[in-house]
Amino acid sequence: MPKQSEHDEQKLFFTWVRLQYPSIPVFAIPNGGHRHVITAKKLKAEGVLAGVPDIFVADGNPGLFIEMKAKKGQVSEHQKSMIEWLNKMGYQVKVCFGFDEARACVVEYLK
18 MPKQSEHDEQ KLFFTWVRLQ YPSIPVFAIP NGGHRHVITA KKLKAEGVLA
68 GVPDIFVADG NPGLFIEMKA KKGQVSEHQK SMIEWLNKMG YQVKVCFGFD
118 EARACVVEYL K
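According to the working numbering, the sequence shown is numbered sequentially starting from 18.
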């Protein structure tokens with residue numbers, strides 16, 4: 018079986034979370050990925066910020082950020098700094114290596 022990309026893991030997560038928790042706003046923050054230089058500049062001008070986690074669970078606790086990684090992915094220095102800052106602000110932030118970890122984090126968080 019070929020390894021799942023971060024994109025594939027995140028798609029699987031959103032399929033699951035939309036079925037499991039349809040009333041809770043859970044959304045992607047499309048900061049990552051490789052983009053054309055012009056597109057990247059436009060997005061940066063619109064407020065895209067390096068290191069912001071990929072997913073937000075907006076349930077009012079004050080919320081859970083998830084940085085989704087492929088099973089062997091790595092966390093960048095920008096991501097580490099942002100995770101530390103968000104934790105200081107009271108948010109829960111989890112780095113999840115694949116769909117199974119992300120699902121477990123959400124289930125635990127919403128208990």
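Note that beta-carbon positions come from the ideal geometry of N, C-alpha and C, so glycine has one too.
{"query": "Sequence-distant residues of the same chain with beta carbon closer than 8 angstroms to G64, five excluded per side", "result": "none"}
{"query": "DSSP three-state assignment for A45, whether helix, strand or coil", "result": "strand"}
{"query": "Contact the segment 44-56 vs the segment 104-117: 3+ CB pairs below 8 angstroms", "result": "no"}
{"query": "Alpha helix (DSSP H) segment containing Q27, residue limits", "result": "23-37"}
{"query": "Residue range of the alpha helix (DSSP H) that includes M85", "result": "Unbroken run through M85 is the beta strand (DSSP E), 81-86; no alpha helix (DSSP H)."}
{"query": "Rounded straight-line distance, which links the Cα of K128 to that of I46", "result": "24 angstroms"}
{"query": "8 angstroms CB neighbourhood of K20 in its chain, flanking five on each side removed", "result": "A87, K88, K89"}
{"query": "Assigned secondary structure, K111 (DSSP; H/G/I helix, E/B strand, else coil)", "result": "strand"}
{"query": "Closest by C-alpha distance to E26, when choosing among A62, D71, V110, I41", "result": "D71"}
{"query": "C-beta neighbour in chain B for P79, strict 9 angstroms", "result": "No chain B appears in this structure, which consists of one protein chain only."}
{"query": "Whole-number beta carbon distance between A75 and F39, since they are thought to touch under 8 angstroms", "result": "Sequence inspection shows Pro at residue 39; the Phe mentioned does not correspond to that position. 14 angstroms between Cβ atoms; not a contact."}
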